[in-house]
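K.L.:
Position one of the sequence shown corresponds to residue 1 (our numbering), numbered consecutively onward.
My questions will all concern the structure given below.
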Amino acid sequence: MSSLEACALCVGNPLDSPKSTSWIQCDVCKKWYHAICTKLTQPEIKNLNTYHCQVCSAKHGESSFRRKLKRARVQIDYVALNEGETFAIDKANHHHVYNFLNFEPDATSEEKTPYIEVLESEKLNKEYVLRTELPKPVLIPQVDLEKSGMKLPARREEISVQYIEDKVGGDTPVEVMDVLTQQGVLPGWNMSKWKEYFYTDAESRDRIRNVISLEVSQVDDIGKAFSRPNVVKDLDLVDKVWSYGEKNQPRPQVTKYCLMSVKSSYTDFHLDFSGTCVYYTVCKGKKTFLLYPPTDLNLYLYTAWCQEPHQNFTWFGDYTKSYKGRQSKPAGGFKATLKEGDLFIIPSGWIHAVYTPEDSVVIGGNFLLLNSLEMHLKINDIEKKTRVPSKFRFPMFNKVLWLTSWYYFNNQDAFIEDIESTPIKQENDIPEIHHPKAYNILNKLIDQLSDHLERSKTNAAAKRSVPTNLIGKNVPEYLSKLTEWCKLLS
């Protein structure tokens with residue numbers, strides 16, 4: 001075997017040896033060495049100008065590296081808008097990060113009222129959610145996995161991008177977001193390419209990218225081995241109604257996501273699809289949220305902001321618009337930083353942006369909540385007004401609604417139990433038959449299904465989502481039965 005075909009530092013292992021995944025060649029003697037045998041780090045290797053092995057260094061000098069400027073240099077990127085205008089921005093940070101990091105809550109906010117509810121692991125349960133109706137996000141610092149009912153697929157310290165690639169496979173496609181443009185990267189990447197990027201030294205990354213939509217619920221040894229918190233499993237509307245009415249079609253895959261973000265990643269203000277609630281547990285790194293409550297004013301401003309031609313260059317926190325005859329801007333915003341081991345619950349409809357202070361790996365997911373159905377429908381309407389593409393909406397949302405109506409029509413006691421924390425009773429201990437919140441939810445649901453039925457008359461996709469195999473072909477008659485039941489709740 002020629003000396004040019006082996007590593008001179010590890011007893012002549014050939015080029016096809018197990019260590020040969022990464023090699024480096026001396027620029028003088030032209031011999032090849034395993035990168036790991038040279039003791040150089042990956043950032044050093046990527047920054048090499050010339051490499052001189054130990055023997056050649058004595059005669060020709062040490063290896064040389066690309067010169068780094070002591071003064072920070074701003075890398076310029078040119079981002080073009082649909083209208084043809086082009087903006088020059090710093091490639092190292094999204095242009096809204098400065099506003100995000102320097103954000104302070106409005107001085108008029110109620111300072112004595114905590115922005116976030118901090119709970120112990122066992123306190124976050126179905127009873128808490130139904131009793132409080134989740135008025136604000138919930139943080140469980142250093143969640144106790146056993147008490148919360150959550151189970152990770154491995155020890156938290158072991159869950160990394162490398163671990164995720166091992167489980168899902170290097171060829172698995174991943175949707176990568178370009179942080180500066182907030183658009184997907186084309187052509188698409190696979191998991192191996194993403195892993196290589198993620199582990200590249202931060203100074204060597206050509207631009208900031210992010211992965212926030214790798215759904216793994218059907219993946220062995222990670223998705224199937226991960227168990228969501230009990231409160232999510234107990235309340236997830238799709239869990240309850242899908243298997244009851246749909247046997248042949250896989251349920252919407254939105255329950256378990258792996259989010260992998262490099263330092264300085266930023267996701268601009270958004271609403272999760274159909275206003276889904278979100279659970280979020282940090283395995284590595286940190287995440288900082290800036291959240292606004294879903295008040296009528298904030299949702300009005302969010303809808304208008306989404307329709308702005310220069311939305312990407314308009315900071316939502318300062319966005320103003322006339323609301324009921326007065327100039328108004330979003331109100332009630334605040335920040336929350338999550339650390340390794342924290343569990344976070346975001347209620348339905350909260351408008352939020354997310355910043356990553358350091359490389360991070362998160363497991364989280366989305367769920368619909370019967371108790372929040374009115375908000376889900378409101379956000380679904382906003383998605384229509386702002387023309388959110390179907391790929392970014394809750395999959396098979398209207399089918400879920402039909403199945404919801406069918407499940408609870410056949411389990412009417414469960415409808416009340418999944419909305420109210422405890423039954424309301426009269427003085428004579430006879431259960432109250434009037435349930436205003438349940439009535440409002442069912443009434444809104446019937447309105448949505450009626451609108452969908454009209455659309456199904458001219459839209460084939462809408463027609464396919466009406467489960468006539470369950471409710472019968474006479475859909476108006478079925479809606480009439482729902483209406484009669486609704487009247488009993490008023």
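Even for Gly, the Cβ is constructed at its ideal location relative to N, Cα and C.
Check whether the Cβ atoms of residue 406 and residue 476 sit closer than 8 Å, and answer yes or no.
P.N.:
no
K.L.:
So, under 8 Å CB-CB, residue 156 and residue 283 are touching, yes? Tell me the CB distance rounded to an integer number of Å.
P.N.:
5 Å
K.L.:
Which runs of the alpha helix (DSSP H) spanning at least 4 residues fall entirely within the segment 182 to 209, listed in chain order?
P.N.:
191 to 198
K.L.:
Would you mind working out which of 324, 302, 323 sits nearest residue 314, comparing C-alpha positions?
P.N.:
When each option's Cα is compared against that of residue 314, the closest is 302.
K.L.:
Grouping DSSP H, G and I as helix and E and B as strand, with all else coil, what is residue 476?
P.N.:
helix
K.L.:
Are the beta-carbon atoms belonging to residue 305 and residue 292 less than 8 Å from one another?
P.N.:
no
K.L.:
Would you list the one or two residues that DSSP bridges to residue 236?
P.N.:
369
K.L.:
In terms of residue numbering, what span does the beta strand (DSSP E) encompassing residue 346 cover?
P.N.:
343 to 346
K.L.:
Provide the residue(s) that pair with residue 363 in DSSP beta bridges, ordered along the chain.
P.N.:
258, 281
K.L.:
I'd like to know whether the C-beta atoms of residue 56 and residue 97 end up nearer to each other than 8 Å.
P.N.:
no
K.L.:
Alpha helix (DSSP H) containing residue 401: first to last residue?
P.N.:
397 to 409
K.L.:
Apart from the five residues just before and just after residue 421, which ones in its own chain have a Cβ nearer than 8 Å to its Cβ?
P.N.:
127, 130, 131
K.L.:
Using alpha carbons as the reference points, say which of 365, 277, 355 lies closest to residue 346.
P.N.:
Between residue 346 and the set 365, 277, 355, the nearest pair of CA atoms involves 277.
K.L.:
Along the chain, where does the beta strand (DSSP E) that runs through residue 25 open and close?
P.N.:
Start and end: 23 to 25.
K.L.:
Should the segment 229 to 238 be called in touch with the segment 384 to 391, which here means at least 3 C-beta pairs below 8 Å?
P.N.:
no
K.L.:
Give me the DSSP bridge partner(s) of residue 354.
P.N.:
267, 289
K.L.:
Determine the extent of the beta strand (DSSP E) in which residue 274 is found, giving its start and end residues.
P.N.:
Run containing residue 274: none; DSSP gives neither H nor E here.
K.L.:
By the three-class DSSP mapping on this structure, what secondary structure does residue 178 have?
P.N.:
Here residue 178 sits in strand by DSSP.
K.L.:
Assuming the contact rule is C-beta atoms closer than 8 Å, residue 371 and residue 133 should be a hit. Round their C-beta distance to whole Å, please.
P.N.:
6 Å
K.L.:
Hey, is residue 206's beta-carbon within less than 8 Å of any beta-carbon in chain B?
P.N.:
Among the chains in the structure shown there is no chain B, since it carries only a single protein chain.
K.L.:
On the DSSP bridge list, what partners appear for residue 334?
P.N.:
291
K.L.:
So, are the CB atoms of residue 269 and residue 352 less than 8 Å apart?
P.N.:
Yes, they are a contact pair.
K.L.:
Could you name the residues that DSSP lists as bridge partners for residue 485?
P.N.:
None; residue 485 has no bridge partner.
K.L.:
Could you tell me if residue 236 is buried or exposed, where buried requires 16 or more neighbouring beta carbons within 10 angstroms of its beta carbon?
P.N.:
buried
K.L.:
Of all the options 253, 123, 195, 105, which has the alpha carbon lying nearest to the alpha carbon of residue 171?
P.N.:
195
K.L.:
By Cβ distance, which residues of its chain are closer than 6 Å to residue 489, with the 5 residues on each side in sequence left out?
P.N.:
Contacts found: 435, 438, 439.
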